[in-house]
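>
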Amino acid sequence: MQSPKKIIGMVLAVLGLLIPILIDINGLTYAGEIALGIFFMAAILWISEAVPIWSTSLLVIFLQVLLLSNKSLLLNEGNLEGFAPPPYQTFYNSMASTIIILFLGGFYLAAAAVKYGLDKNLTRMMLKLFGTRSSNVVLGLLISTATLSAFMSNTATAAMMITVVLPIIANLKADDPLRIGVAMAIPCGANIGGIATPIGTPPNAVVLGALAEQGVTISFAQWMMIAVPIVVVVLFITWRALLIIFPPQSKQLDLSIESGWNTSPLAIATYIIFGLTVLLWVTDKIHGISSSIVAFLPIASMSLLGIITKGDLKTFSWDVLWLMAGGLSLGISMRYGPAEWLIGLVDWTMFGPVIVVCLLGFIGYILSNLISNTVAATILVPIAITMGMSGAVGQTFNWILASIVVGMMVSFSMLLPISTPPNAIAMSTGMIETKHMTRIGVVVGVVGYLLSILFGLFVWKHFIPPLPVAG
Amino acid sequence: MNKIYILSVEDEVEVQDAIIRDLADFEEVFPIETAASAQEARDLIASIEKKGDYIGVIFCDHIMTGQNGVDLLVELHRKDYTRETRKVLVTAHAGLEDTVEAVNKAELGHYISKPWKKDDIQKVARTQLSEYILAKKIPPLPYMKYLDPIIMGEAIREGLIGDR
């Protein structure tokens with residue numbers, strides 16, 4: 001039986017689709033009205049979660065093919081109004097776009113790492129470097145979680161780290177606030193660390209995919225140069241905040257962590273392929289091979305060697321790929337008029353470019369605390385891009401920077417257990433109340449917000465490609 | 472979100488109260504329902520099934536007036552709706568033969584002997600509810616606070632859910 005909330009979501013979604021199509025909207029072509037309808041429907045379904053978010057993505061692609069392509073059931077010579085419908089393959093192509101392939105490569109690496117225990121062993125190796133002083137251990141947890149979640153999903157990393165910290169927590173006195181600090185270090189590290197690389201978390205891919213659609217390519221290493229410094233600074237401040245909010249009573253922590261490296265031939269092959277892929281990714285400036293081509297190295301070689309088997313493929317988060325693909329595809333039809341129309345509802349010139357970036361980042365932050373980070377980025381990034389392209393905010397508005405700020409802000413959102421899967425997973429330690437999460441979550445959000453605006457204004461402009469000349 | 476119930480079948484009021492008290496925290500996400508006999512349990516299960524909700528775990532006494540606990544668990548194990556429901560026998564008096572039958576024919580998840588410690592029964596509930604959620608492929612995140620961190624952590628690490 002469907003809950004009333006879901007039924008309302010579905011009804012609103014159908015209305016959202018139909019009303020723009022049936023009613024003549026000033027300033028939009030018929031195709032633009034269809035595209036706006038698809039956007040409303042998708043946004044309502046994604047926000048209400050009346051159906052699983054990835055299935056909404058597939059519906060978006062299907063409707064775009066059926067209604068907006070050269071095989072459209074609605075468009076004909078008489079109602080095109082100058083619109084040139086794209087081949088229907090355009091929308092399907094988003095399912096195999098370079099950014100999806102890049103992510104698939106990441107999935108291969110992560111699955112192989114889990115299979116051969118590389119994730120756990122790397123964690124233990126990193127943790128050992130930080131010694132046994134409580135405050136240093138918290139830093140070690142933040143950094144090792146962040147490092148892993150830059151290459152694996154934030155969710156899987158958080159889940160793995162929880163199993164690592166449980167024994168530490170169990171050894172502490174029941175009233176030691178350090179227990180909360182240790183437990184909260186995991187979702188903090190996982191959420192923040194996901195920002196560090198293009199494959200760290202899907203919102204990064206949404207930003208990069210949408211920019212690539214506009215001919216703006218940001219390489220793997222280039223993204224890291226933008227993201228790693230802010231990740232490091234936010235992690236450091238989060239560390240100090242954790243120690244202040246949850247002051248440790250025990251000064252030393254007993255860390256009995258033993259690594260047991262798997263030395264079977266396939267495990268060693270995994271280490272080599274993992275290392276080589278990451279090396280090629282971060283050095284793309286030197287050799288010039290694009291990250292999505294490098295991503296096929298693990299895809300092909302791990303399949304051939306039997307490191308990833310048919311059974312392993314079934315454990316992949318295909319839903320995440322479909323979710324991103326639908327988001328990328330929606331971005332295409334947002335340019336048929338809806339984005340510009342939505343922007344036109346407000347006179348942005350009265351704000352000025354910096355305020356608009358702040359506003360976009362803030363909306364992204366609030367939205368993604370309540371709904372999926374990927375969806376929040378999917379809705380906002382095309383709007384940010386169109387704001388720049390249309391000149392609605394003035395010529396000095398840098399939509400590349402605005403998109404990156406939105407992409408980061410959705411990842412800094414961690415106020416509530418429902419905000420991100422790592423937050424929900426941290427609840428399973430039994431150490432955390434929602435109020436603890438909100439306390440440290442506010443720090444991460446505020447610091448992340450201020451820093452991404454500051455970096456955006458003063459630092460990142462040196463690392464991003466120039467704005468394409470309009471026209 | 473569909474509800475996942477904890478069911479306690481017990482004919483002694485004091486024991487029933489002890490179970491409810493020890494598992495009271497779980498009611499934040501797992502509502503507890505109680506029945507005083509096998510027949511009452513059957514009716515209750517039918518009404519939960521009708522609502523489209525789940526029964527995650529049954530804590531069942533063995534010696535009760537009417538049908539005994541092991542027979543009830545075996546019967547429930549043969550029904551599709553309650554096959555995956557985790558079954559826990561709570562008793563001081565089940566003989567070896569009955570216990571063996573419960574293990575073999577009802578895939579008994581756990582055996583709690585009276586009296587129990589609060590921590591122990593909570594741990595059993597966490598483990599059994601985690602196993603149920605994994606078996607039924609129910610999205611686990613809303614329930615995490617009362618699930619077993621190791622069981623769920625391993626499953627999520629191995630790809631149960633991704634970023635969103």
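Chains U and W, in that order, give the protein sequences.
Per the working numbering, the very first residue in the first sequence carries number 1; after that it's consecutive.
Per the working numbering, the very first residue in the second sequence carries number 472; after that it's consecutive.
Virtual Cβ for every residue (Gly too), placed ideally from N, Cα, C.
1) Find the residues of chain U that neighbour Leu567(W), judging by a C-beta separation of less than 8 Å, and give them in chain order.
2) Note down, in chain order, all residues in the region 299-333 of chain U with a beta-carbon under 8 Å from any beta-carbon belonging to chain W.
3) Kindly list, in the order they appear in chain W, the residues whose Cβ is closer than 9 Å to that of Ile192(U).
4) Can you tell which of Leu28(U), Pro187(U) and Thr157(U) has its C-alpha closest to the C-alpha of Gly633(W)?
5) Among Pro338(U), Met408(U) and Thr217(U), which has the Cα closest to the Cα of Val390(U)?
6) Tell me, please, whether the CB atom of Ile168(U) is closer than 8 Å to any CB atom in chain W?
7) Please tell me whether Leu481(W) has its Cβ less than 8 Å away from any Cβ of chain U.
8) Who are Arg133(U)'s beta bridge partners in DSSP?
9) Pop quiz: Ile464(U) and Ile218(U) are said to be a contact at Cβ under 8 Å. What is the actual Cβ separation, rounded to whole angstroms?
10) Considering only C-alpha positions, which residue in the set Pro468(U), Val443(U) and Ile425(U) is nearest to Gly624(W)?
11) Report the option in Ile622(W), Glu572(W), Ala512(W) and Gly537(W) whose CA atom is closest to the CA atom of Phe530(W).
12) When the cut-off is 8 Å and only beta carbons count, does Ala13(U) lie next to chain W?
13) From this set, Asp176(U), Ile168(U), Met184(U) and Asp175(U), which residue's C-alpha is nearest Ala146(U)'s C-alpha?
14) Give the interface partners of Ala111(U) over in chain W, defined as CB-CB distance under 9 Å, in chain order.
15) Opposite Ser317(U) in the DSSP bridges: which residues?
16) Exposed or buried, which one is Lys616(W) when buried takes at least 16 other CB atoms within 10 Å?
17) For Ser153(U), go through chain W and note every residue whose CB falls closer than 7 Å to its CB, in chain order.
18) With three or more beta-carbon pairs closer than 8 Å as the criterion, would you say the region 398-409 of chain U touches the region 353-363 of chain U?
19) Would you kindly check if the distance between the Cβ of Gly580(W) and the Cβ of Val559(W) is under 8 Å?
20) Using the rule of at least 16 other Cβ atoms within 10 Å of the residue's Cβ for burial, across every protein chain shown, is Ala585(W) buried or exposed?
21) Do we get a CB-CB distance below 8 Å when we pair Ser259(U) with the residues of chain W?
22) Can you tell me the Cα-Cα spacing of Gly9(U) and Ala50(U), whole angstroms?
23) Ignoring anything shorter than 4 residues or poking outside the region 162-236 of chain U, list the alpha helix (DSSP H) runs there in chain order.
24) Quick one: what's Ala506(W) bridged to in DSSP?
25) For the ligand ZN, is there a heavy atom less than 7 Å away from the beta-carbon of Ser48(U)?
26) Does the region 241-250 of chain U come within contact of the region 434-441 of chain U, defined as at least 3 CB pairs closer than 8 Å?
27) On a CA-only basis, which of Thr386(U), Phe39(U), Pro20(U) and Gly306(U) is nearest Glu213(U)? Give me that one, please.
28) Let's see if you can read the secondary structure: which residues bound the alpha helix (DSSP H) around Lys594(W)?
29) I need the straight-line Cα distance from Ile99(U) to Trp281(U), nearest angstrom please.
30) Could you pull out every unbroken alpha helix (DSSP H) segment of at least 4 residues lying fully inside the region 522-587 of chain W, listed in chain order?
31) Quick one: list the residues of chain W neighbouring Ser48(U), beta-carbon separation under 7 Å, in chain order.
32) At the level of alpha carbons, what is the spacing between Gly471(U) and Val206(U)?
33) In or out: Met427(U) buried (at least 16 other Cβ within 10 Å) or exposed?
34) Under 8 Å between C-beta atoms, does Ile583(W) make it to chain U?
35) State yes or no: is the C-beta of Ser329(U) within less than 8 Å of the C-beta of Gln89(U)?
36) Using DSSP bridges, identify the partner residues of Ile475(W).
According to the structure shown:
1) Numbered from 1 along the second sequence, position 96 holds the residue referred to as residue 567(W). Within chain U, no residue comes near Leu567(W); the closest Cβ sits about 35 Å away, beyond 8 Å.
2) Thr315, Phe316, Ser317, Asp319, Val320 and Leu323
3) Reading the first sequence from its first residue, position 192 is the one you call residue 192(U). Result: empty, since nearest Cβ-Cβ is about 13 Å, beyond 9 Å.
4) Against the second sequence, residue 633(W) aligns to sequence position 162. Nearest C-alpha to Gly633(W): Thr157(U).
5) The residue you call residue 390(U) lines up with position 390 of the first sequence. At residue 390(U) the sequence reads Ser, which differs from the Val that was named. Ser390(U) has its Cα closest to that of Pro338(U), out of Pro338(U), Met408(U) and Thr217(U).
6) Here residue 168(U) refers to the residue found at position 168 of the first sequence. No, Ile168(U) lies away from the interface with chain W (no Cβ there is under 8 Å from its Cβ).
7) Within the second sequence, the letter at position 10 stands for residue 481(W). It should be noted that the sequence gives Glu, not Leu, for residue 481(W). Answer no: the Cβ-Cβ gap between Glu481(W) and chain U never drops below 8 Å.
8) Residue 133(U) sits at position 133 when you count from the first residue of the first sequence. Note: Arg133(U) sits in a beta bridge opposite Gln252(U).
9) Start at 1 with the first residue of the first sequence, and residue 464(U) comes out as number 464. Start at 1 with the first residue of the first sequence, and residue 218(U) comes out as number 218. Indeed they touch by this definition, with Cβ atoms about 7 Å apart.
10) Numbered from 1 along the second sequence, position 153 holds the residue referred to as residue 624(W). Checked all of Pro468(U), Val443(U) and Ile425(U); the closest Cα to Gly624(W) is Ile425(U).
11) The residue you call residue 530(W) lines up with position 59 of the second sequence. Answer by Cα proximity: Ala512(W).
12) As a first step, residue 13(U) must be located in the first sequence, where it is residue number 13. Not an interface residue.
13) Along the first sequence, read from residue 1 onward, the residue named residue 146(U) stands at position 146. Among Asp176(U), Ile168(U), Met184(U) and Asp175(U), the Cα nearest to that of Ala146(U) belongs to Met184(U).
14) Your numbering for residue 111(U) matches position 111 in the first sequence. The answer, in chain order, is Glu629 and Gly630.
15) As a first step, residue 317(U) must be located in the first sequence, where it is residue number 317. Bridge partners of Ser317(U): none, in fact.
16) Taking the first residue of the second sequence as 1, we reach residue 616(W) at position 145. Flag for Lys616(W) reads buried.
17) Taking the first sequence and counting its residues from 1, one reaches residue 153(U) at position 153. In chain order: Gly633 and Asp634.
18) yes
19) Against the second sequence, residue 559(W) aligns to sequence position 88. Against the second sequence, residue 580(W) aligns to sequence position 109. For Val559(W) and Gly580(W), yes; Cβs fall inside 8 Å.
20) One-based indexing of the second sequence puts residue 585(W) at position 114. Here residue 585(W) turns out to be Lys, not Ala, going by the sequence shown. By the neighbour-count rule (16 or more Cβ atoms within 10 Å), Lys585(W) is not buried but exposed.
21) Position 259 of the first sequence holds residue 259(U). False, the Cβ-Cβ gap to chain W never drops below 8 Å.
22) Indexing the first sequence from 1 puts residue 9(U) at position 9. Indexing the first sequence from 1 puts residue 50(U) at position 50. Spanning the two alpha carbons is a distance of roughly 5 Å.
23) 178-193 and 202-213
24) For the purposes of this step, residue 506(W) is identified with residue 35 of the second sequence, where counting begins at 1. Ala506(W) is bridged to Val480(W).
25) The model on display carries no ligand, and the ligand ZN is accordingly not part of it.
26) yes
27) As a position in the first sequence, residue 213(U) is number 213, starting the count at 1. When only C-alpha atoms are compared, the closest one is Thr386(U).
28) Taking the first residue of the second sequence as 1, we reach residue 594(W) at position 123. From DSSP, the alpha helix (DSSP H) with Lys594(W) extends over Lys589 to Ala606.
29) Here residue 99(U) refers to the residue found at position 99 of the first sequence. Here residue 281(U) refers to the residue found at position 281 of the first sequence. Going by the C-alpha atoms only, they are around 13 Å apart.
30) 540-549, 551-554 and 567-577
31) Counting from 1 along the first sequence, the entry for residue 48(U) is found at position 48. Simply none; closest approach about 13 Å.
32) The residue you call residue 471(U) lines up with position 471 of the first sequence. The residue you call residue 206(U) lines up with position 206 of the first sequence. Because Gly471(U) carries a pLDDT of 47, less than 50, the predicted location of this residue cannot be relied on, and the following value inherits that uncertainty. Taking the straight line from one Cα to the other gives about 24 Å.
33) Counting from one through the first sequence, the residue named residue 427(U) turns up at place 427. So Met427(U) ends up on the buried side.
34) As a working mapping, residue 583(W) is identified with position 112 in the second sequence. Answer no: the Cβ-Cβ gap between Ile583(W) and chain U never drops below 8 Å.
35) As a first step, residue 329(U) is located in the first sequence; it is residue number 329 there, counting from the start. As a first step, residue 89(U) is located in the first sequence; it is residue number 89 there, counting from the start. In this structure, Gln89(U) does not lie closer than 8 Å to Ser329(U) by Cβ.
36) What you label residue 475(W) is simply residue 4 of the second sequence in a count that begins at 1. Tyr525(W).
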